[in-house]
Structure formats: C-alpha cells, structure tokens
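Chains as they are written, first to last, in my numbering: chain A, 1 to 215; chain B, 1001 to 1215; chain C, 2001 to 2215; chain D, 3001 to 3215. Glycine is no exception: its CB is placed at the ideal position from the N, C-alpha and C atoms. Right, one structure below, let's go through it.
4 protein chains.
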Amino acid sequence: MFLLVNLKTYRAGTGEDAVAVAEAARDVADETGARVAVAPQAADLRAVAETGVETFAQHVDGVEYGSNTGATHAGAVAGAGVTGTLLNHSERRLRLAEIDASLNAARDASLETVVCANNPAQSAAAAALGPDAVAVEPPELIGTGTPVSKADPDVITDTVGRVREVADVPVLCGAGITSGDDVEAARELGAEGVLVASGVVKAESPRDAMLDLVT
Amino acid sequence: MFLLVNLKTYRAGTGEDAVAVAEAARDVADETGARVAVAPQAADLRAVAETGVETFAQHVDGVEYGSNTGATHAGAVAGAGVTGTLLNHSERRLRLAEIDASLNAARDASLETVVCANNPAQSAAAAALGPDAVAVEPPELIGTGTPVSKADPDVITDTVGRVREVADVPVLCGAGITSGDDVEAARELGAEGVLVASGVVKAESPRDAMLDLVT
Amino acid sequence: MFLLVNLKTYRAGTGEDAVAVAEAARDVADETGARVAVAPQAADLRAVAETGVETFAQHVDGVEYGSNTGATHAGAVAGAGVTGTLLNHSERRLRLAEIDASLNAARDASLETVVCANNPAQSAAAAALGPDAVAVEPPELIGTGTPVSKADPDVITDTVGRVREVADVPVLCGAGITSGDDVEAARELGAEGVLVASGVVKAESPRDAMLDLVT
Amino acid sequence: MFLLVNLKTYRAGTGEDAVAVAEAARDVADETGARVAVAPQAADLRAVAETGVETFAQHVDGVEYGSNTGATHAGAVAGAGVTGTLLNHSERRLRLAEIDASLNAARDASLETVVCANNPAQSAAAAALGPDAVAVEPPELIGTGTPVSKADPDVITDTVGRVREVADVPVLCGAGITSGDDVEAARELGAEGVLVASGVVKAESPRDAMLDLVT
C-alpha cells in the first residue's frame, strides 16, 4: 500500500508547513511500516527531503542540462534528495510527447515515475509509455471529499483492466480519498496505492489523517 | 494502401493551389483505385472537399458547441464535407487529455481519426486511446527527403509491434517519403499507408508525384 | 460605431447557420449604415465572406508559409475573403511573443487586427504592439447578459485612459452586451465599438438583435 | 549597474555548482559594490539564497495558494529567501494574461520583477504591465557569445525609446554578453543592467567572468 501525499501549492503545504507534514509522514511510515511519500512544490523539495521522508517532485521537465530557463531538471531534483516524480497531473497536463520526454529524463536520473490520468483510456495510454505506476484521478472529484472509490468505482476497475491489457504497471487512484475505509475500498477495486492532497494537508492533524489512511 | 497528403500551410497547398492538388489527388484515386486523401488547413477545407476528394482536417479541438473562440469544431468540419482528421501532428502536439477529447469529438462527428506520434512508445500510447489509425513520423526526418523506411526502418517495425500489443490499430508512417519505392518499403515493414507532405505539395507535378507513390 | 459579432463555435453560428447570421449582418449594415462584421470559425470563413459581409477570423497564427500543420495562416484567411482578425481572445489566449508574431503575419496579409485583453493593464500592453484596435472583455462577464458597461464601467474608462497613454488605438469593449442601451453606455464611456456573441447568435432573431444594437 | 546571472538548467549551474556560482557572485558584489544577483532553478533556490547572494527565481506562476500541482508559488519562493523573479524568458514564454497574473502574484509576495521580451515592441508591451524592469534579449543571439550591444545595438536604443514612451521602467539587456566592454557598450546605449548566462556559468572561473563584467 502506497500513500502519496501531494502538497500542491496549499499554504498548509508550503515552506515550514511542508516540512511539518513531511516529518509527520516520515513518522507515520516509521511507526506503521506503510509506504508514505510527500510531493512538495519544487522550491521546498530539498527541505522536505532533508526530513528523511520519501520525497516526490510534482513535475519534472523532459529536458537535458542546458538552456531551459524556468524548467525543473530531473537531475537537479534527484540531487536535492528526491526519489520520484508525479507527471501529467490534471493541474499540470502535458503533451503526449512531453510525458514521454519527462519519463526518459526521470529514468536517466533514477527517479520513480507516477503518471496521472483522468480516465481508463488515458491511463492505458500512460501505461504504454512504461512508467513505474499510473494514477487515475477523475478531475471532477478532486478536492470534493467524495471518494472516487464510492462515487465512481467503475473508473478504478476499468482502469486496472485496461492498463493490464497494455502493460504490467500498478494502478494508484485518487480524488476525494479522506479515510481508511476509502483506501480499503480502493484496494479491493484493484488499486495498489492512493494519491491524497487536501484530505491530509488541510486536516487539523495531518499525522492523524495519514494514520487513518494507512491503518 | 492509404496515401494521406498533408498540405500543411505550404503556399503551394493554400487556396487555389490547395484545390489544384485536391483535384489531382481525386483523379489519381479514380484512375488507380488507390485511396488518396488530402488534408488542407481549416480555411480551405470546404473548397477542397467540394472537389470530391476524400478530405481530412489537420486538427480538430476536443470541444462541444459553445464558447470556444478560435477552436476548430469537429461538427463544423464534418459539415464542410470532411470525413477524417489528423491529430497530434508533431507540428501541433496535444496534451494526452486533449488527444482523448479530440478523438471523442471526432467520433461524435463521424470523422475517421489518425493520431500522429514520434516514436514506437508514443504510437502505442496513441493506439490505447482507440483511434482508427496511428501514424509514426520521426520529427527529425520530416521534410528531409530521406525516407523513414530507409533511414530508420526499425521505427516502423517497432511501432507495428508495440501497437499490436496494445490494440488492433493500423499503422501509417511518414517523414521523407517521396517515391513508390519508399512506399513499398514501408508496406513491407508493416505500414498500411503513408503520410506525405512536401514530397507531393512541392513537386513540380503533384499528380505525377502521387502516381509514383501509389503505383 | 463598430459591431463585431463573434460566432465562436456556437451551433447556431456554424455552417449554414453561420451563413444565415452573416446575411442578416450584411443586411443590417446595408440598411443602417452601421459597420457590422462577423467572425466565424476557420472552416466557415469562406462561406461567410461569400455573403458579402465584412468577415473577421477568430484567430490567425504568426507563421509564414511552410511546415505548420494545424495552423491558420493569415494569407490563407485573406485569400478566403477575410479582411480582419481577432487575436488573443480570452478563450484563445496567446503568449506575448505570439501576439506580436500574429500581428506581423496579419499585417503582411493586410488584415485589420483587434487584440482582445482582460483588463486595462493588458489592454495597454496590447496597444503597445500596434494593433488596429484593442477589445477589453472582463472574462467573468462573458456570456452573462450583464453588460460590462453597467457591471464594471470603470474597466472601460480605465482601459481607454491607459491605452491612450501608450498609443493612439481605438478601444472596443465586450461581455454581456445585449441591447442598444448597453452599446450607447459603452460609447459614452469611450468605447468605439462592441464585441458581441451569444446576445446575437443565440437570439431568436439575430437580425432584430443586431438592429437593436446599432440603432 | 545590475548584473543578473541566469543559471538556467546548466549542469554547471545546478546543485553544488549553483551554490559555488552563488558564493562567487556574493563575493564579487561585496568586493566591488556592484549589484549582482543569481537566478537558479526552483529546486536550488533555497540553497542559493542561503549563501547570502541576492537570489531571483527564473519563473513564478500567477497562482494563489491552492490546487496548482507543479506550479511555483511566489510566496513559497519568497519564503525560501528569494527577492525577485524573471518572467517570460524566451525559454519560458508566457501568455499575456499569465505575465499579468505572475506580476500580481510576485508583487503580493514582495518580489522584484524583471519581464523578458524579444524586441522593442514586446518590451514596451511588458513595460505597460508595470514590472520593476524589462529585459530585452534577441533570442537569436542568446548563447552565441556575440553581444547584443555589438550585433544589434539598435535593439537596445529602440527598446529604451519605446519603453520610455509607455512607462518609466528601467531596461536591462542580454544575449551574448561576455565582457566588461560589452556591458559598457550596453550602458552607453541606455541599458541599466545586463542578463548573462553561459558567459558566466560556463566560464572556467565564474568569479573572474563576473569581475570582468562589473568593473
């Protein structure tokens, strides 16, 4: 079971608050044995990684070292202690060729890759590019508190089925996940992990929220 | 064997010249029995379709009727006599979610769909979205006159192989195709058609160039 | 007074319906002496221009003749009978460098240019690029039926003031304009024309709607 | 005189190497009294700012705190010790509305703003948006070692002239600047500072290169 906490650009997931969520995530992982990773924005990657938590970037560009002002280089991110990256989140959609290029850049930097997609068809397409995992998140459920595993369970089972036809790639799911029951339902539908954001970051106690999700 | 002639925004493929290429393509199709389609820019779609040639759009947006200034609606294109569309050409790369949306819009308008891709991995991803065909074109060979079937035959066989693992979708190929021998080589490698552009549009006689390609 | 009717991709502004609105606009212009232009999507430009109405494109790309699949070339548009173009509509926002390139392409093709912008600051920036006019449209009012001249009159006077400091470029305004009173209010605030869309295209009688706006 | 060193995603401007350039820049500023700032990629902002050098971001997004996966928030950047930002570099071109939004976000976070542009017209447009400075860089000269002040002096004087008509905003220039003579020439043409990248970052001794530029 993999819990990936996306800090987005929430105020409660920025700067010192990002570090606080990261420390809580590290402790929850240590105490429970669950796999928990935190994905802060680029400016906070180093500080988050220094807590010892497993750290993901929210995005890396498919560029080599060179003239790419404003880009996030996979090697720079790895050098900051990051071990994985999200790609193609519905809030940062990429061109098909860009996903392919970013995957290659991430692999060159030994980053684990999770490609996000909106639905089963796009998830299968993402799987064909050979990432380490795909994550399906119906955009209309993101941030709602209505878990995808309840609102639209077919999207998870369809994604698992379509992806399996294409490649042997694990499926994560996200959108509206806030409780351990939601996680359990997602697992029963075939998901091997979940993406969460506001449900943890905006919780009164991110630690308690994460504990609830992984146990 | 399907010959799809992309007029791009070549001067020799615009306005009256687009109509002239279209008439030649129609005649070549009639005389040889080969399937030949022409893809002009949006402003010339209606005039090209009125020649009776099979007409493709170069792009349609994944939008419904509504507030989409500057977009090309699949239904508007179909209403102009168009029967198919290219999508995600390397000169008009789309986000993964946009390809999916454009495919849905094209299907709703009964347009045949050909999704372009740069390499075998992206072609397999495109195939997973369920288009009528994928077209692989290594961008570095486009417009060179060096045929993909000679310069990089593996890209065709790899694409055919990778696509077949994902879905039963025919593969076209393009980039540098200028002669009937190039077409024959592409077919032997598994391609069921070719995309051509400058090799026909900029030829002294587009008619002769097309005759050479299909016979 | 300039009335520019944006057909967007409304169903009632596509294909034969685009031609019907165009014919009505032509007649209103002839009967009243008002300047009325119609901006259909690219696939309908030729058919609309053939009615004799003044025809604008909704967008042209800043490209030369060449390898630009999926682009709309200014010269192709001019060849279809078009005499002007919108640029940077809030539904088709362009990079600053793209607006500059599209303006140059439009000028080379002798197209009149109207650059859209969201607020006074962006309107002044657009004016600095030397278009024939700028059009300010607060995006939050588009399609509401609440006229910008009533909901946010300051946006018009501020735009006229800021633009005047930068260049001698007329200001049009849009968003929510549905009646002759709205137009009159806009003129008193300094606008030299209006952009309308749903208020005309979706009206029971586009002809009556346009007559109301220009008289 | 303002020397702004853009580290882009050069290998020699990433991670520990970014810190080394930053320390050299800090020392050059201290020793000479010249103003020197360094702009690393986002993942290195905190480490660079901790050297005590004046630190710029290469880009910030025009977003508020919230659901913006993959974005760089101006407040997060300020919290990492950054005091300014580049915007709209030719390697990260923004839509006109995005430049406006990013400027507003940067101002809210008290970041100094330098908007890049390709030519005099775009520089004037950028100036109309009210940044702290504009920087003109002809893209075709970037990275060439041929200084804009020699290859195209008119672009600097024209930019200074056009910008002055629009707003009282200082003009920086860049592209191909590698020596103190280039800087002196740029100043005589009206520039109040220079952007440099490869000329410093890829120099055998970035310290010596910066000393040459500011003295």
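Flag residue i as yes if its beta-carbon sits less than 8 Å from any beta-carbon of chain C, otherwise no.
i	result
Val1063(B)	yes
Ala3191(D)	no
Lys1008(B)	yes
Ala3124(D)	yes
Arg1107(B)	no
Asn3088(D)	yes
State yes or no: is the C-beta of residue i within less than 8 Å of the C-beta of residue j?
i	j	result
Lys3008(D)	Ser67(A)	yes
Ala1071(B)	Val1063(B)	yes
Gly199(A)	Thr178(A)	yes
Thr3128(D)	Val3155(D)	The sequence given here has Ala at residue 3128(D), not Thr. No, these two residues do not count as a Cβ contact at 8 Å.
Thr2014(C)	Gly1079(B)	yes
Ala101(A)	Arg1093(B)	no
Ala1125(B)	Ala74(A)	no
Ala24(A)	Arg187(A)	no
Ala43(A)	Val19(A)	no
Ala3197(D)	Leu3172(D)	no
Ala2022(C)	Thr2069(C)	no
Gly2226(C)	Val2201(C)	Limits of chain C in this structure are 2001 at one end and 2215 at the other, which puts residue 2226(C) out of reach.
Val1028(B)	Met1210(B)	yes
Gly180(A)	Leu141(A)	no
Tyr2065(C)	Tyr1065(B)	no
Leu2004(C)	Val2060(C)	no
Asn1006(B)	Leu1195(B)	yes
Arg95(A)	Arg1026(B)	no
Is it buried or exposed for residue i, if we count other Cβ within 10 angstroms and need 16 for buried?
i	result
Gly2176(C)	buried
Thr3215(D)	exposed
Glu91(A)	buried
Pro1182(B)	Reading the sequence as shown, one finds Asp at residue 1182(B) and not Pro. Result: buried.
Gly33(A)	exposed
Asp152(A)	buried
Asp168(A)	exposed
Hey, does residue i have any beta-carbon neighbour from chain A nearer than 8 Å?
i	result
Asp1100(B)	yes
Ala1037(B)	no
Gly3143(D)	yes
Ser3205(D)	no
Gly1136(B)	Going by the sequence as given, residue 1136(B) is Val instead of Gly. Chain A contact via Cβ: absent.
Ser3110(D)	no
Ala3133(D)	no
Val3077(D)	yes
With a threshold of 8 Å between beta-carbons, can residue i be considered close to chain B, or not?
i	result
Gly2052(C)	no
Gly174(A)	no
Asn118(A)	yes
Val155(A)	no
Ala121(A)	yes
Any Cβ of chain D within less than 8 Å of the Cβ of residue i?
i	result
Arg2095(C)	yes
Ala2128(C)	yes
Val2171(C)	no
Val2166(C)	yes
Asn68(A)	yes
Leu3(A)	no
Could you check if residue i belongs to the surroundings of the ligand SAH, using beta carbon to heavy atom distance under 7 Å?
i	result
Leu2096(C)	As far as ligands go, the structure on display features none, and thus does not contain the ligand SAH.
Minimum length 3: unbroken beta strand (DSSP E) runs contained in the region 3149–3215 of chain D: 3171–3174, 3193–3196
Under 8 Å: do the region 156–168 of chain A and the region 125–140 of chain A share three or more Cβ pairs, one atom per stretch? yes
Does the region 2036–2046 of chain C come within contact of the region 2055–2067 of chain C, defined as at least 3 CB pairs closer than 8 Å? Touching, yes.
For the region 1106–1123 of chain B and the region 1070–1087 of chain B, state whether three or more C-beta atom pairs, one from each stretch, are separated by less than 8 Å. yes
Segments assigned beta strand (DSSP E), at least 3 residues, entirely inside the region 8–68 of chain A: 35–39, 54–57
Pick out the complete alpha helix (DSSP H) segments inside the region 2070–2115 of chain C, 4 residues or longer, and give them in chain order. Segments of the alpha helix (DSSP H) lying fully in the region 2070–2115 of chain C: 2074–2079, 2096–2108.
Examine the Cβ distances between the region 2118–2130 of chain C and the region 1091–1111 of chain B and report whether three or more of them are shorter than 8 Å. Inter-segment contact for the region 2118–2130 of chain C and the region 1091–1111 of chain B is absent: fewer than three beta-carbon pairs are separated by less than 8 Å.
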